[in-house]
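Participant:
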Amino acid sequence: MENIEKTLIELSNLAIPSNEKVEKGLGDLIEFNKAENISKLTKTFIGRNQNFLLKINQYINKKEEKYKIFVENIYKKEDQNNTKIFFEEFRVFAIKAYFSHPYVIKKLNLFQNFVYDNIEIAKDKKILDSLNNNNNYDDLNR
3 MENIEKTLIE LSNLAIPSNE KVEKGLGDLI EFNKAENISK LTKTFIGRNQ NFLLKINQYI
63 NKKEEKYKIF VENIYKKEDQ NNTKIFFEEF RVFAIKAYFS HPYVIKKLNL FQNFVYDNIE
123 IAKDKKILDS LNNNNNYDDL NR
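Residues 3 to 144 in the working numbering are what the sequence shown spells out, letter by letter.
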């Protein structure tokens, strides 16, 4: 299982690398994560995609420069239907994990300047508080 998790971390960093606003890539966030919701997402994704992650493991060790090139190479080497399904699921996983991580929310100030109209602020605050309470992003600030 350790190789599969390592593969997911490397693939995630390739897909969403660190940048000038968020110093941690998605793989780093997954690796050093203490968040219950991210842990559940990761375990569910690995459970559903264990076999394809094993296939990707043989390719990921080659240092790819761009995620797009890596994906194109996988499409050439593996069954296209299985590859398509995997990368569609991975895209959803990556978006959920990255943008629900409190470290990213804080770094990008995703909700600081949000303009409320008819949205219930109290419900939104509960959602954000639940993300922050279930996560410990202090370890990421080292």
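A virtual CB, placed ideally from N, CA and C, is assigned to each residue, including glycine. Because the structure is a prediction, the values reported are computed rather than measured.
Tell me the rounded alpha-carbon separation between residue 108 and residue 100.
Facilitator: Walking along the sequence shown from the start, residue 108 turns up at place 106. Walking along the sequence shown from the start, residue 100 turns up at place 98. When rounded, the distance between both Cα atoms is 12 Å.
Participant: The alpha helix (DSSP H) with residue 94 in it runs from where to where?
Facilitator: Working through the sequence shown from its first residue, we reach residue 94 at position 92. Its alpha helix (DSSP H) spans residues 82 to 101.
Participant: With a CB to CB cut of under 7 Å and the five nearest residues on each side skipped, what residues in its chain are close to residue 28?
Facilitator: Sequence index remark: in the sequence shown, residue 28 carries index 26 (1-based). The residues are 14, 15, 17, 18, 96, 99 and 100.
Participant: List the endpoints of the continuous alpha helix (DSSP H) containing residue 18.
Facilitator: Taking the first residue of the sequence shown as position 1, residue 18 is located at position 16. It is not in any alpha helix (DSSP H) - residue 18 carries neither H nor E in the DSSP assignment.
Participant: At the level of alpha carbons, what is the spacing between residue 112 and residue 76?
Facilitator: Along the sequence shown, read from residue 1 onward, the residue named residue 112 stands at position 110. Along the sequence shown, read from residue 1 onward, the residue named residue 76 stands at position 74. Spanning the two alpha carbons is a distance of roughly 33 Å.
Participant: Are the C-beta atoms of residue 11 and some chain C residue less than 9 Å apart?
Facilitator: This model lacks chain C altogether, as it is built from one protein chain only.
Participant: In the DSSP assignment, the alpha helix (DSSP H) including residue 24 goes from what residue to what residue?
Facilitator: Numbered from its first residue, the sequence shown carries residue 24 at position 22. Segment: none, residue 24 is in no alpha helix (DSSP H) and carries neither H nor E.
Participant: Keeping to the same chain, check which residues put their C-beta closer than 7 Å to that of residue 73; ignore five residues upstream and five downstream.
Facilitator: On the sequence shown, position 71 is the one that residue 73 refers to. Excluding residues within five positions, the ones whose Cβ falls inside 7 Å are 89.
Participant: Nearest by alpha-carbon distance to residue 104: which of 37, 10 and 59 is it?
Facilitator: As a first step, residue 104 must be located in the sequence shown, where it is residue number 102. The residue with the shortest Cα to Cα distance from residue 104 is 37.
Participant: Quick one: is residue 71 buried, meaning 16 or more other Cβ sit within 10 Å of its Cβ, or exposed?
Facilitator: Position 69 of the sequence shown holds residue 71. Exposed, since its Cβ has fewer than 16 Cβ neighbours within 10 Å.
Participant: Considering only the alpha carbon of each residue, which of 92, 24, 34 and 81 lies closest to residue 46?
Facilitator: As a position in the sequence shown, residue 46 is number 44, starting the count at 1. Nearest of 92, 24, 34 and 81 to residue 46, Cα basis: 92.
Participant: Looking only at its chain, what residues have a beta carbon closer than 8 Å to the beta carbon of residue 10, apart from the 5 residues adjacent to it on each side?
Facilitator: Translated into positions along the sequence shown, residue 10 becomes position 8. Cβ within range, chain order: 29, 32, 44, 47, 48 and 55.
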